[in-house]
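Read through the structure below, which is laid out as structure tokens, and then see the notes.
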Amino acid sequence: MAEEEIRELIERWTAAVHAGDLDTVLADHTGDIVMFDVPPPQDGVRGIEPYRATWPGFFEWQAKGATFEIVELDVTAGEDVAFAWALLRCGTAEEHAAHPEQRLRITFGLRKENGRWQVAHEHHSFPDKTAVADVHP
């Protein structure tokens, strides 16, 4: 049951990100959310207001035709804490054509507060192709 609730929460969040719906993007996040994102700041953002401030620029970029869609999602939940990871297609048509295998990786840390699951941690990343090439030529 918890896994299903969390899966629906993440799917709702993903749809809201794609639609540029900031209220729904924020709705299931804790006030003390910590997010490590692809763009700076390198030490992440802490708190719902700094988290809110990260989205308008992304929405502007995405409105130019970029995708943000789940390819794979896995959820593990206990009674009051859970984590999930997802792979997403995130990019423009040109980026997808140039790198069709590229996926945005997101890890979520959730906790149950007042009977409701909320995201307390997000980590977004793309593989560093140059680092991979150095290790696996």
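Going by our numbering, the sequence shown opens with residue 959, and the numbers climb by one from there.
In this text, a Cβ means the ideal position worked out from N, Cα and C, and glycines have one as well.
Item checked: DSSP three-state assignment for A1042, whether helix, strand or coil -> Here DSSP, grouped into helix, strand and coil, assigns A1042 to strand.
Checklist line | Where the alpha helix (DSSP H) containing A1035 begins and where it ends | finding: A1035 -> not in any alpha helix (DSSP H); beta strand (DSSP E) instead, spanning 1025 to 1035.
Margin query: With three or more C-beta pairs closer than 8 Å as the rule, is the segment 1004 to 1023 touching the segment 979 to 994?
Written below: With the cut-off at 8 Å, the segment 979 to 994 and the segment 1004 to 1023 touch.
Notebook entry, point to check: Going by beta carbon distance, what residues of the same chain come within less than 6 Å of P1064, once the five residues before and after it are set aside?
Noted result: This sequence places Ile at residue 1064; Pro is not what is there. Result list for I1064: A1044, H1082, in chain order.
Notebook entry, point to check: Three or more beta-carbon pairs under 8 Å between the segment 1049 to 1066 and the segment 977 to 990, yes or no?
Noted result: The segment 1049 to 1066, when compared against the segment 977 to 990, does not touch it at the 8 Å Cβ threshold.
Notebook entry, point to check: Helix, strand or coil for G1002 per DSSP?
Noted result: In the three-state reduction of the DSSP assignment, G1002 falls in the coil class, being assigned neither a helical nor a strand state.
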